[in-house]
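2 protein chains.
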Amino acid sequence: MIHEKFENLDENKQQRILDAAFKEFAENGYERASTNHIVKNAGIGKGMLFYYFQNKKELYHYLVDNALQIIRYYYLNRINMQATDFIERMKQATQVKMTCFAENPNVFHFLGTFFLDSVPDLPSYLSQQYEQLLTEGNAIMYDNIDKTLFRDDVDVDKVFKLIQWAMDGYQNEVINRLQGQKLTSVDFGPYWEEFYAYLEILKKSFYR
Amino acid sequence: MIHEKFENLDENKQQRILDAAFKEFAENGYERASTNHIVKNAGIGKGMLFYYFQNKKELYHYLVDNALQIIRYYYLNRINMQATDFIERMKQATQVKMTCFAENPNVFHFLGTFFLDSVPDLPSYLSQQYEQLLTEGNAIMYDNIDKTLFRDDVDVDKVFKLIQWAMDGYQNEVINRLQGQKLTSVDFGPYWEEFYAYLEILKKSFYR
DNA sequence: TAAGTATTGACCAGTCCGGTCTAAAGTGCT
DNA sequence: AGCACTTTAGACCGGACTGGTCAATACTTA
């Protein structure tokens, strides 16, 4: 195995290195991320990083692969596609997203900038993995939706958009409100209550 | 005057320098912005930048001042606060924002990152200017709104939020769709039509 | 004890940084 | 034309930081 050395490390140390690397790349993009910062934040010597990984680029690819797997794991198994109610579907998607974000903020942020970053020589197997995740995600959001629930005097596709913008808006609002706090120690109960109130308004307004 | 030299330059050259500087700071934040890039993109010699401005920080402050003035000019004079219809108010605000963005993308982007950037020793007169703009902007959005227009079975403040998230969502959507195009040469007509269609849906759904 | 593995951080050459300064070119007055 | 003054360019400076190497050490196992 290519990453035998790294993956034989004890769990804790592995995680420290991954966290430091995700964070550094997320905050600075590929080019400007500093391997020096990574080793310092991970608490290891400079040499070890290049003992575990061939070079900076190879480390980056390892992280992309890792991040895609994590996200995939969250999304694909937790959304019930039998529910044909669009707002209920969005509710699930939003909760999955927020949970995933709270538990893996660095990974999330990393993938967010990964899309924007002009990635250096991404191997094709990673591009494919990424493309697949996108199409699967799309299916999860829109397949098997009952459009007859909506009031018939408006364009349903536009209402889809409006609902999604509402989801995004609320998520950003919560993230902003919680800025600086450790997400793992936050009680999201009250936030979900508030969220449900918004969903009720959307149903009242957009459904028959 | 401190910036006599710079402001006596012919209009064109001044603008080239401002554009290059706004763009560089916007894309990289204060610390990582490079004066070398700025002079290269502005097409001037390195020495001149430090002939016009004392140093990097002083240039940055000049840009902040300039940007705040530009934004202020757009917003304060073009929104009719006599109109008590919230959606109409948001429509105006969104159009002003998009117009301003299309005509000054660099300035807009610069101010966007300025908020996030931990700004180096911002002089108090600039902080004050900034604070004032924020409160004025708030007034423009929410003062003198007729809340009786809304249906009475929902929380009006939450509907405010939903409408604003819709505005933000549509703006982002358009900006994404037009990515890479020169905004000044785009015909926004069709986009406004589409925008009005969204506003109609919002009125139908959220008003009595 | 000896072989083998894991680990460190000083060190390398190179890039880029903000800022300076010399020398030249341009401008305007007499 | 000659002189004083302003405007311009970019070579250059010390210093910070970069990705990556490597010799020296500590630890583990037999």
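First to last, the sequence lines map onto chains E and P. 1 is the number of the first residue of the first sequence in full-length UniProt numbering; add one for each residue after it. 1 is the number of the first residue of the second sequence in full-length UniProt numbering; add one for each residue after it. Heads up, the beta-carbon is just placed ideally off N, CA and C, and yes, glycines get one too.
Along the chain, where does the alpha helix (DSSP H) containing residue i start, and where does it finish?
i	result
P:Gln82	No alpha helix (DSSP H) contains P:Gln82, which DSSP labels as neither H nor E.
E:Val119	Element bounds for E:Val119: n/a, residue is neither H nor E.
P:Lys23	11-32
P:Val186	Where P:Val186 is concerned, there is no enclosing alpha helix (DSSP H), given that its DSSP letter is neither H nor E.
P:Tyr51	46-52
P:Leu162	156-177
residue 286 of chain E	Nothing can be reported for residue 286 of chain E: it is not among the residues displayed for chain E, which extend from 1 to 208.
Out of the options, point me to the one whose CA is closest to residue i's CA.
i	options	result
P:Leu59	P:Leu133, P:Ala20, P:Ser185	P:Ala20
P:Gln171	P:Cys100, P:Tyr52, P:Lys46	P:Cys100
E:Gln132	E:Gln14, E:Phe160, E:Ile71, E:Met90	E:Ile71
E:Phe86	E:Met1, E:Asp168, E:Arg32, E:Asp146	E:Asp146
P:Glu4	P:Glu103, P:Lys57, P:Tyr51, P:Arg151	P:Tyr51
P:Ile17	P:Asp157, P:Phe25, P:Val39	P:Val39
P:Gln129	P:Asn176, P:Leu68, P:Ile163	P:Leu68
P:Lys158	E:Ser124, E:Phe188, E:Asn176, E:Tyr196	E:Tyr196
E:Asn12	E:Asn55, E:Glu103, E:Gly43	E:Gly43
P:Gly169	P:Thr35, P:Phe53, P:Met90, P:Lys204	P:Met90
E:Asn77	E:Arg32, E:Asn66, E:Gln92	E:Gln92
P:Tyr191	P:Lys204, P:Ser205, P:Asn176	P:Asn176
E:Phe108	E:Asn41, E:Thr135, E:Asn66	E:Asn66
P:Glu173	E:Glu200, E:Gln164, E:Gln95	E:Gln164
E:Leu134	E:Gln95, E:Phe115, E:Asp152	E:Phe115
P:Glu194	E:Gln181, E:Asp155, E:Val96	E:Asp155
Is the shortest distance between the beta-carbon of residue i and the beta-carbons of chain P less than 8 Å?
i	result
E:Ile201	yes
E:Trp165	yes
E:Asp153	yes
E:Ala33	no
E:Asp168	yes
E:Tyr196	no
E:Lys147	no
residue 256 of chain E	Nothing can be reported for residue 256 of chain E, as the shown portion of chain E is limited to 1 through 208.
Which same chain residues end up closer than 7 Å to residue i when comparing Cβ atoms and leaving out the 5 residues on each side of it in sequence?
i	result
E:Ala166	Tyr198, Leu202
P:Gly137	Tyr75
P:Met81	Ile140, Asp143, Asn144
E:Thr113	Ala26, Gly29
E:Thr35	Leu49, Lys56
E:Thr84	Asn144, Ile145, Asp146
With 8 Å set as the bound, which would you pick, yes or no: does the beta-carbon of residue i sit closer than that to a beta-carbon of chain E?
i	result
P:Lys161	yes
P:Gly189	no
P:Phe206	yes
In three-state terms, what does DSSP make of residue i?
i	result
P:Phe114	helix
E:Phe150	strand
To which residues of the same chain is residue i closer than 8 Å at the C-beta, ignoring the five residues directly before and after it?
i	result
P:Leu178	Val186
P:Asp117	Gly29, Tyr30
P:Glu7	Met1, Gln14
P:Met48	Val39
residue 209 of chain E	In the structure as shown, chain E starts at 1 and stops at 208, and residue 209 of chain E therefore has no counterpart that could be examined.
P:Thr184	Ala102, Glu103
E:His61	Leu122, Pro123, Leu126
P:Phe53	His3, Phe6, Leu59, Tyr62
E:Arg151	Phe206, Tyr207, Arg208
With a CB to CB cut of under 6 Å and the five nearest residues on each side skipped, what residues in its chain are close to residue i?
i	result
E:Leu149	Tyr207
P:Lys23	Asn106
E:Lys46	Val39
E:Asn41	Ala20
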